[in-house]
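So in my numbering, spot 375 of the sequence shown is number 374, and the numbers just go up one at a time.
I have placed the structure first, in the form of structure tokens, so that the comments after it can refer back to it.
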Amino acid sequence: MKRKISSVKLLVVLLLLVIYVPPVQAQLQDSAQVLTLQDFHRLILQYHPVASQAALLTEQARQELRMARGSFDPVISSKVYRKEYNGKEYYNLWNNTLRIPTWFGPELIAGYDQTQGEYLNPENGTPDKGLSYAGISVPLGQGLFIDERRAIVRQANLLQGIAEAERVKLMNKLLLQATKDYWDWLLYYNEVQLYQEALELADFRLQAVRARVQEGDLAAIDTVEALTAVQERQVMLQQAQLAYNNARLMVATHLWAANLVPLELQETTIPALTGSELTSLPLDSMQQILEIAKVNHPDLRKLNLKGQQLAVEQRYAADKLKPKLNVEYNVLQSDFYMNADVLERQYLGANYKLGVSFSLPLFLREERGKLQLTKAKQQSNSLELAQTAREVENNLLAAFNDWQALEEQIRLLEQMVANAETLRNGEVIRFQNGESSLFLVNAREVKMMESQLKLYALRAKYAKAKTLLYWAAGEISVE
């Protein structure tokens, strides 16, 4: 989704709105302004709390990776121990160690020890200038090819993709609901306009009927018929205005300014009258969208990445079945600084500290249980992936079918509206010639209005279907 917004254009859009600062509301005095769907989307992406929350998912994943990489940070440690009793110095111990983990498993070690004291343990004794050492610790069994640190880093890397998929999913959900609210706003706006025009026409007709009644061209009962039509349309207009105001409030809930300041739509701000036009989608384009959805749909991406995480977990669990066999070698030298001759073969063979450690649980129940549990999780994830892939494909095809069906219905309804208008106009001409009644004229007009309202509703549904198609494909694009 493109999120670059022109600052000038965004300022113009913000001027269409009124910042709500309780309890005072600033009202901009201006003529009717149009809030397009594109500007509506851009405002949502810029300031909506859910959009900001979704962006934090990516940041959280980055910090998780940073924490995981921290397990490979070199560690320096220093210990000082001193014992004195009854005026006697038993010992002074000063131990310093630097451990540098590597990605390939071995760990580099360096240190410096200096000890003294009358009752010092002989194995801890060092020359007067201290004893320095440098070496390596190598895991030959468990931890040679993978260990906990490497597993955590690899899973944290995959977590960034999962976080991005979750961000897209949250934004899709937000934009889908916001777009539906926008088209409802347009639907009720059109209804209000239609009822206002119908009311004005009925009121004009009432005045004309009264004039003809006074002239004796019509019966007085026609005045009641015309007045009833006016009153009915007044009620319809009030109901439409109520629905429009409520729809406008729903749209306003998605509008925010910087620093979490809510925005309120001005009464003079109206939706764009375009956007619900018929735009056919070729079948080959649908196939391309389907192929892209199979790869990029956030739910499928999350499950794929989760499967990769479980593969890392399984590899680590299988490695835990191996025995722990670690070998450590350190070359020793008096004083803190290492001399070049320590690398000579004769010196290395005569001045060193060597250690080998081995351990293995006898039953390996915890390790075998962990491995089987991971395999069960992998199987469950594969089943969920297969089901989700099928749902994504079917939902996408269903949305495409709705798109096509609504196109055909709109074309038919446009013809019906044209026919209803023709019948209404013909009835008006008959009434003016004295061949019809005002009741029939109103009936024809009501039928025409009903057809027009159905057309408005279908166009709103069609506009929603277009958004729903891209939501089903996995990402709602914002131009």
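For glycine and all other residues, C-beta sits at the position ideal for the given N, C-alpha and C.
*Contacting residues, own chain, Cβ-Cβ under 7 Å from Ala522 (five flanking each side not counted)*: Beyond the ends of the chain as shown, which are 0 and 478, falls residue 522; an answer cannot be given.
*Over what stretch of residues does the alpha helix (DSSP H) that includes Phe203 continue unbroken?*
Segment Glu147 to Glu214, the alpha helix (DSSP H) holding Phe203.
*Fully enclosed by the stretch 263 to 287, which beta strand (DSSP E) runs are 3 residues long or longer?*
Within the stretch 263 to 287, the complete beta strand (DSSP E) runs of at least 3 residues fall at 268 to 270.
*Just how far apart, CA to CA, sit Val311 and Arg153?*
C-alpha separation (whole angstroms): 7 Å.
_Taking the beta strand (DSSP E) that Asn94 belongs to, which residues open and close that run?_
Where Asn94 is concerned, the enclosing beta strand (DSSP E) stretches over Lys87 to Pro100.
*Name the residue from Gly110, Leu139, Ser333 and Trp184 whose alpha carbon lies nearest to the alpha carbon of Thr252.*
Of the candidates Gly110, Leu139, Ser333 and Trp184, Trp184 places its Cα closest to the Cα of Thr252.
*According to DSSP, is Thr114 helix, strand or coil?*
In the structure shown, Thr114 sits in a strand (DSSP, three-state: E or B).
*By a C-beta neighbour count over all protein chains shown, 10 Å radius and 16 as the cutoff for buried, is Pro297 buried or exposed?*
Classification for Pro297: buried.
*Cβ of Thr466 within 9 Å of Cβ of Lys179?*
Between Thr466 and Lys179, the C-beta gap is smaller than 9 Å, which places the two residues in contact.
*Of all the options Ala256, Leu186, Asn350 and Tyr315, which has the alpha carbon lying nearest to the alpha carbon of Ala271?*
Ala271 has its Cα closest to that of Leu186, out of Ala256, Leu186, Asn350 and Tyr315.
_Let me confirm a value: Ile43 is counted as buried when at least 16 other C-beta atoms fall within 10 Å, else exposed. Which label applies?_
Ile43 counts as buried, since at least 16 other C-beta atoms from the protein chains shown sit within 10 angstroms of its C-beta.
_7 Å CB neighbourhood of Val486 in its chain, flanking five on each side removed_ = The requested residue 486 is not part of the displayed model; the chain covers only 0 to 478.
*Looking at the structure shown, is Gly368 part of a helix, part of a strand, or coil, going by DSSP?*
Gly368 carries a helical assignment under DSSP once its states are collapsed to helix, strand and coil.
*Kindly give me the distance between the Cβ atoms of Glu190 and Leu452, rounded to whole angstroms, as I take these residues to be in contact under 8 Å.*
6 Å between Cβ atoms; contact.
*When DSSP labels each residue in this structure, what does Pro138 get in the three-state scheme?*
Strand at Pro138.
_Only counting the same chain, and skipping five residues up and downstream in sequence, which positions put a Cβ closer than 6 Å to that of Asn295?_
Excluding sequence neighbours, Asn295 sits near Gly473.
*Whose CA, out of Gln32, Leu36 and Thr267, lies closest to the CA of Arg275?*
Here residue 275 is Ser; the residue named in the question, Arg, does not match the sequence. Of the candidates Gln32, Leu36 and Thr267, the one whose C-alpha sits nearest the C-alpha of Ser275 is Leu36.
*Classify Ser435 as helix, strand or coil using the three-state DSSP reduction.*
Of the three classes helix, strand and coil, the one that applies to Ser435 here is coil, per DSSP.
*Where do the ends of the alpha helix (DSSP H) carrying Ile475 lie?*
Where Ile475 is concerned, there is no enclosing alpha helix (DSSP H), given that its DSSP letter is neither H nor E.
*Specify the secondary structure class of Gln37 as computed by DSSP and reduced to three states.*
DSSP places Gln37 in helix when its eight states are reduced to three.
*Taking just the CA atoms, how far does Glu199 sit from Val223?*
Straight across, the Cα-Cα distance linking Val223 with Glu199 is about 17 Å.
*asked:* Once the 5 residues before and after Gly160 are set aside, which same chain residues still bring their CB inside 8 Å of it?
replied: So the qualifying residues of the chain are Arg300 and Leu304.
*Beta-carbon separation of Leu361 and Lys319 under 9 Å?*
Leu361 places its beta carbon 9 Å or farther from that of Lys319.
_Checking the sheet assignment: what are the DSSP bridge partners for Lys352?_
Bridge partners of Lys352 according to DSSP: Asn329.
*asked:* Using 9 Å as the threshold, is the C-beta distance between Ala316 and Glu392 below it?
replied: Judged by their CB atoms, Ala316 and Glu392 are not nearer to each other than the 9 Å cut-off.
_Nearest neighbour of Met170, chosen from Ala228, Ala150, Tyr111 and Ala54 [CA to CA]_ = A check of alpha carbon separations from Met170 across Ala228, Ala150, Tyr111 and Ala54 identifies Ala54 as the nearest.
*Can you name, in chain order, every residue of its own chain whose Cβ lies under 8 Å from the Cβ of Pro48, other than the five neighbours on each side?*
Only Trp255 and Leu259 meet the Cβ criterion.
*Please state if the CB of Val137 and the CB of Asn338 are separated by a distance shorter than 9 Å.*
Their beta carbons are not under 9 Å apart, which means Asn338 does not touch Val137 by this criterion.
*Taking the CB atoms as reference points, tell me whether Arg204 and Ala218 lie closer together than 9 Å.*
Here Arg204 is not near Ala218, since their CB atoms are 9 Å or more apart.
*Mind checking Tyr118: buried by the 16 CB within 10 Å criterion, or exposed?*
Exposed is the label assigned to Tyr118, since fewer than 16 other Cβ atoms lie within 10 Å of its Cβ.
*Please look up how many angstroms separate the CB atoms of Lys321 and Phe357, rounded, as I've assumed it's under 8 Å.*
That belief does not hold up - the Cβ atoms of Lys321 and Phe357 are roughly 11 Å apart, past 8 Å.
*Is the CB-CB distance between Ser70 and Thr96 below 9 Å?*
One thing to note: Ser70 has its Cβ no nearer than 9 Å to the Cβ of Thr96.
*Would you identify the three-state DSSP class for Ala397, choosing helix, strand or coil?*
Looking at Ala397 - three-state DSSP - the assignment turns out to be helix.
_Quick check on DSSP: helix, strand or coil for Phe430?_
In this structure, Phe430 counts as helix in the three-state DSSP scheme.
_Where Asp221 falls, given that 16 or more other Cβ within 10 Å makes a residue buried_ = Asp221 comes out buried.
_Rounded to the nearest angstrom, what separates Ala456 and Leu236 at their Cα positions?_
Rounded to whole angstroms, the separation of the alpha carbons of Leu236 and Ala456 is 16 Å.
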